[in-house]
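Engineer: Chains as they are written, first to last, in the working numbering: chain A, 1 to 385; chain B, 1001 to 1208.
Please read through the structure below; I'll follow up with questions.
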Amino acid sequence: MTIAENVADKIINDHHMLIETSLCSRFRTPKSDCSLCADACPANAITVSDGGAEITGGCIDCGVCHSACPNGAFSIRERSDERIMDEMPSPRIASLRISCERGDASADIIVPCLSRLTETLFLEPLLRGASGIEIARPSCEGCLLVKAAFHLETVIRKTHHLYDMLGIARDRISLKNIPLQGLVRAPQRAVSRREFFGAFRAKATRIAAAAIPDVEGSGDGKAEVFRNAIQERRENRKRSMLVERLRELGAKSGVNQSAVPSEDSIIADIEVGAGCTACGVCASLCPTGAISQKQTEKTFSLRFSPALCTNCGICEKTCMHRALTMKETVSPALLFQQEETTLFEAERKTCLACRMDFVGEGAEICPLCLDRNKKQTAVLQELFK
Amino acid sequence: MPEAGAFITEEMIQASIAKKGPKQYTIWVDLEYCVGCNACTMACKAENNTPVGVDYNRVTEVEVGEFKDPAEKPGVRVYFVPMPCMHCGKPACLAACPVGAITKRKEDGIVLINKDKCIGCRYCAWACPYGHPQFNPEAKVMEKCTLCVHRVEKGLKPACVDTCIARTRFFGEVNDLTKLIREKRAERVSLGFIGGKTTTDPSVLYTK
């Protein structure tokens, strides 16, 4: 595209969703089949491929993708979770009423779609003293965003498990069915004409500046080498905010250790068996760095921070040696664990043949080199039968 | 010993390979005349600047047959078998790579490792039935024979083929070479089966 087309494209298609690609499971490995964002997007604006998730057109800034992505890869520039929480009145004794843009216009909080809600948004009102959260939900069938409707149930189910852990009664969330209304706008303060045009001018300038290539040529235009890109760990802000609230609520009420099925859990519980060869693939590919590898002169170890884990499953899927497994049930209380667990630790040696580090007791040659020998023998036997 | 074969399912291989393109370039080695001089190994090393310990082409000595009555025709023979990358039709390395760093080119079937993507985990080496991909300890990525793709694209032959002193390595399109083998009535030996099981459809042809 020419510069002019680039600028025009960005003005017309500008949307407020930002994707942190290094957090996206699909970007990190083609073995991931995650499509949670695309499945939930009511505007079908997201395409997922081996390059990760991309917004490819028609985004309406509803923010459901932000709620759907467990890794927090999507963030919303303007109406983030923090902004919505700012809108919550506090202190408050009665319940907080939340509805969508086609629901109850008099609700305390209005979001574009109820599936925009996150577990954090179901915890914050309780911290602010609300007796409960009332969701005024119109019948989704007649709404253009109906594709996203299923996701609210998922969020509530996961929130229930978090409530159970904190000893909070599930009925503090109530769902009230109301008729489907015409479109209402989220409550906003009125803007003057000067403010409006000023904002538009600033936006256009920002977009134009971003679209014009760097004239000083400091960028070489090459996409960052994948191997380096995956080593930078970006913060999963969604998870950080959730853990903050969990810790505050947990400090008051104590924490129940019961386990839930892993499909309903926002974290995984992982174990690593003796088949581990210290390849480090799980740690390299983990989107949030929940699994990390540590090497000293003598040892190799894998460590696990449950609070960072998003249950994406990449570690289990990519482990060729089938040494890493995710347990079938998980105790959400692991979210409170501050220290790292050691999943695997073994003596580290260097192979005399290929100079690779490997784990093994007493051996001088790594399993891979031994294996190569066996393979070549097998091949030659076949050749000259 | 971890079983890489259990991890690579047929579905994975089918799902991950490109559809067979118009051509498959490959190498035909007539083992009858290979003397084990390793000139091919050296030429490859010089062409690709590989570090110590990494050889895209490895020559193995194999003793075949039994020593019988010396008055009869000798029953023992030594073969030298040079083995580069087989540029398989169903590459196990491609299916095993956890980051999709290995691709098979549609236009000529050459299997390549993208060094910018490679994380050096060695899964390709585990998966390869011929043990071919090797770790480059300096660059910290996996490397393998590229069929001298940089030469092939310019219309040249791979360095190992040009250098062979016995003129027993041939480069070409796999169907053309197969026809040539049949015409010469050379005896095909196949690497397509290992231990009685079908493997990854290797493209490199051997005769003896």
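Beta carbons are placed, not taken as given, at the ideal position from N, Cα and C, and that holds for glycine.
Please report the Cβ distance between residue 77 of chain A and residue 16 of chain A, rounded to the nearest whole angstrom; I am assuming they are in contact, meaning their Cβ atoms lie under 8 angstroms.
Structural biologist: Here residue 77 of chain A refers to the residue found at position 77 of the first sequence. Here residue 16 of chain A refers to the residue found at position 16 of the first sequence. About 4 angstroms separates the CB atoms of residue 77 of chain A and residue 16 of chain A; that is less than 8 angstroms, so the two are in contact.
Engineer: Counting only Cβ-Cβ distances shorter than 9 angstroms, please list the residues of the stretch 1116-1138 of chain B near chain A, keeping chain order.
Structural biologist: 1116, 1117, 1118, 1119, 1120, 1121, 1122, 1123, 1125, 1126, 1127, 1128, 1129, 1130, 1131, 1132, 1134, 1135 and 1137
Engineer: Since residue 1060 of chain B meets chain A, which of its residues come closer than 7 angstroms, beta carbon to beta carbon?
Structural biologist: Counting from one through the second sequence, the residue named residue 1060 of chain B turns up at place 60. Those are 376 and 380, listed as they occur along chain A.
Engineer: Provide the residue span of the beta strand (DSSP E) that contains residue 322 of chain A, from first to last.
Structural biologist: Locating residue 322 of chain A in the first sequence gives position 322, where the first residue counts as 1. From DSSP, residue 322 of chain A is part of no beta strand (DSSP E); its letter is neither H nor E.
Engineer: Let's see if you can read the secondary structure: which residues bound the alpha helix (DSSP H) around residue 1151 of chain B?
Structural biologist: Residue mapping note: residue 1151 of chain B aligns to position 151 of the second sequence, counting from 1. 1149-1152 is the extent of the alpha helix (DSSP H) around residue 1151 of chain B.
Engineer: Could you check what DSSP says for residue 1197 of chain B in three-state terms: helix, strand or coil?
Structural biologist: Locating residue 1197 of chain B in the second sequence gives position 197, counting from the first residue. Residue 1197 of chain B falls in the strand class under three-state DSSP.
Engineer: Quick check: what's the CA-CA separation for residue 239 of chain A versus residue 305 of chain A?
Structural biologist: One-based indexing of the first sequence puts residue 239 of chain A at position 239. One-based indexing of the first sequence puts residue 305 of chain A at position 305. The straight-line gap from Cα to Cα measures roughly 13 angstroms.
Engineer: Quick one: measure Cβ to Cβ for residue 22 of chain A and residue 229 of chain A, integer angstroms, because I've assumed they're closer than 8 angstroms.
Structural biologist: On the first sequence, position 22 is the one that residue 22 of chain A refers to. On the first sequence, position 229 is the one that residue 229 of chain A refers to. Between residue 229 of chain A and residue 22 of chain A the Cβ distance is about 6 angstroms, and since that is below 8 angstroms, they are a contact.
Engineer: Closest by CA to residue 236 of chain A, which one among A:289, A:346, A:248 and A:53?
Structural biologist: Taking the first residue of the first sequence as 1, we reach residue 236 of chain A at position 236. Taking only the C-alpha atoms, the option nearest residue 236 of chain A is A:289.
Engineer: Assuming contact is defined by CB atoms lying nearer than 8 angstroms, are residue 371 of chain A and residue 1131 of chain B in contact in what I supplied?
Structural biologist: Here residue 371 of chain A refers to the residue found at position 371 of the first sequence. Here residue 1131 of chain B refers to the residue found at position 131 of the second sequence. Yes, these two residues count as a Cβ contact at 8 angstroms.
Engineer: What are the uninterrupted segments assigned as alpha helix (DSSP H) that are 4 or more residues long and contained completely in the stretch 37-82 of chain A, given in chain order?
Structural biologist: 64-68
Engineer: Identify, in the order they occur along the chain, each residue of the same chain with its Cβ nearer than 7 angstroms to the Cβ of residue 1165 of chain B, setting aside the five sequence neighbours on each side.
Structural biologist: Here residue 1165 of chain B refers to the residue found at position 165 when the second sequence is read from its first residue. The residues are 1037 and 1039.
Engineer: Taking Cβ positions only, does residue 284 of chain A come closer than 8 angstroms to chain B?
Structural biologist: Position 284 of the first sequence, counted from the first residue, corresponds to residue 284 of chain A. By this cut-off, residue 284 of chain A is an interface position.
Engineer: I'd like to confirm the pairing. Which residues does DSSP put opposite residue 293 of chain A in its beta bridges?
Structural biologist: For the purposes of this step, residue 293 of chain A is taken as the residue at position 293 of the first sequence. Answer by DSSP bridge pairing, in chain order: A:302.
Engineer: Against residue 1036 of chain B, what residues of chain A qualify as contacts under a CB-to-CB distance less than 9 angstroms, listed in chain order?
Structural biologist: As a first step, residue 1036 of chain B must be located in the second sequence, where it is residue number 36. Correct list: empty, because the minimum Cβ distance to chain A is about 14 angstroms.
Engineer: Alpha carbon to alpha carbon, what distance is there between residue 1188 of chain B and residue 1181 of chain B?
Structural biologist: In the second sequence, the residue the question calls residue 1181 of chain B occupies position 181. In the second sequence, the residue the question calls residue 1188 of chain B occupies position 188. Straight-line Cα distance between these residues: approximately 8 angstroms.
Engineer: Taking the Cβ atom as the reference point for each residue, do residue 151 of chain A and residue 67 of chain A lie within a distance shorter than 8 angstroms?
Structural biologist: Here residue 151 of chain A refers to the residue found at position 151 of the first sequence. Here residue 67 of chain A refers to the residue found at position 67 of the first sequence. Contact: yes.
Engineer: DSSP three-state call for residue 392 of chain A: helix, strand or coil?
Structural biologist: Because chain A here runs from 1 to 385, residue 392 of chain A falls outside it and cannot be looked at.
Engineer: Within 8 angstroms (strictly less), CB to CB, does residue 254 of chain A reach chain B?
Structural biologist: Taking the first sequence and counting its residues from 1, the one referred to as residue 254 of chain A is at position 254. It does not; no Cβ of chain B falls within 8 angstroms.
Engineer: So, residue 243 of chain A versus residue 127 of chain A, is the Cβ gap smaller than 8 angstroms?
Structural biologist: Locating residue 243 of chain A in the first sequence gives position 243, where the first residue counts as 1. Locating residue 127 of chain A in the first sequence gives position 127, where the first residue counts as 1. Not a contact, by the Cβ cut-off of 8 angstroms.
Engineer: Name the two residues that bound the continuous alpha helix (DSSP H) containing residue 284 of chain A.
Structural biologist: If you number the first sequence from 1, residue 284 of chain A lands on position 284. That run of the alpha helix (DSSP H) goes 281-285.
Engineer: Quick check on residue 1033 of chain B: does DSSP put it in helix, strand or coil?
Structural biologist: The count along the second sequence starts at 1 and reaches residue 1033 of chain B at position 33. Coil.
Engineer: Compare the beta carbon distance of residue 1119 of chain B and residue 284 of chain A with 8 angstroms and say whether it is the shorter of the two.
Structural biologist: Mapped onto the second sequence, residue 1119 of chain B falls at position 119. Mapped onto the first sequence, residue 284 of chain A falls at position 284. For residue 1119 of chain B and residue 284 of chain A, yes; Cβs fall inside 8 angstroms.
Engineer: Closer than 8 angstroms, CB to CB, is residue 1189 of chain B near chain A or not?
Structural biologist: Counting from one through the second sequence, the residue named residue 1189 of chain B turns up at place 189. With 8 angstroms as the cut-off, residue 1189 of chain B counts as an interface residue toward chain A.
Engineer: Would you mind listing the alpha helix (DSSP H) stretches within the stretch 1092-1162 of chain B that are 4+ residues and don't spill past its ends, in chain order?
Structural biologist: 1092-1096, 1123-1127 and 1149-1152
Engineer: Measure from the alpha carbon of residue 1081 of chain B to the alpha carbon of each residue in B:1121, B:1071 and B:1032, then state which is nearest.
Structural biologist: The sequence position of residue 1081 of chain B within the second sequence is 81, counting from 1. Taking only the C-alpha atoms, the option nearest residue 1081 of chain B is B:1032.
Engineer: What does residue 1096 of chain B reach in chain A if we use C-beta pairs closer than 9 angstroms?
Structural biologist: Stepping through the second sequence from its first residue, residue 1096 of chain B is reached at position 96. Residues of chain A passing the Cβ test: 320.
Engineer: Could you compute how far the alpha carbon of residue 328 of chain A sits from the alpha carbon of residue 262 of chain A?
Structural biologist: By one-based count along the first sequence, residue 328 of chain A stands at place 328. By one-based count along the first sequence, residue 262 of chain A stands at place 262. Near 5 angstroms, if we compare the C-alpha coordinates of residue 262 of chain A and residue 328 of chain A.
Engineer: Give the straight-line distance between the Cα atoms of residue 255 of chain A and residue 183 of chain A, rounded to the nearest whole angstrom.
Structural biologist: Your numbering for residue 255 of chain A matches position 255 in the first sequence. Your numbering for residue 183 of chain A matches position 183 in the first sequence. The straight-line gap from Cα to Cα measures roughly 41 angstroms.
Engineer: Where does residue 386 of chain A fall in DSSP's three states?
Structural biologist: As shown, chain A starts at 1 and ends at 385. That puts residue 386 of chain A outside it, with no answer to give.
Engineer: Scan the stretch 353-370 of chain A for residues whose Cβ lies nearer than 7 angstroms to a Cβ of chain B and list them as they occur along the chain.
Structural biologist: 354, 355, 356, 367 and 368
Engineer: Relative to the C-alpha of residue 64 of chain A, which residue among A:95, A:138, A:41 and A:267 is closest?
Structural biologist: Counting from one through the first sequence, the residue named residue 64 of chain A turns up at place 64. Nearest option by C-alpha distance: A:41.
Engineer: Report yes or no: do the stretch 1067-1082 of chain B and the stretch 1090-1099 of chain B share at least 3 C-beta pairs separated by less than 8 angstroms?
Structural biologist: no
Engineer: Helix or strand or just coil, what does DSSP make of residue 1205 of chain B?
Structural biologist: What you label residue 1205 of chain B is simply residue 205 of the second sequence in a count that begins at 1. Here residue 1205 of chain B sits in strand by DSSP.
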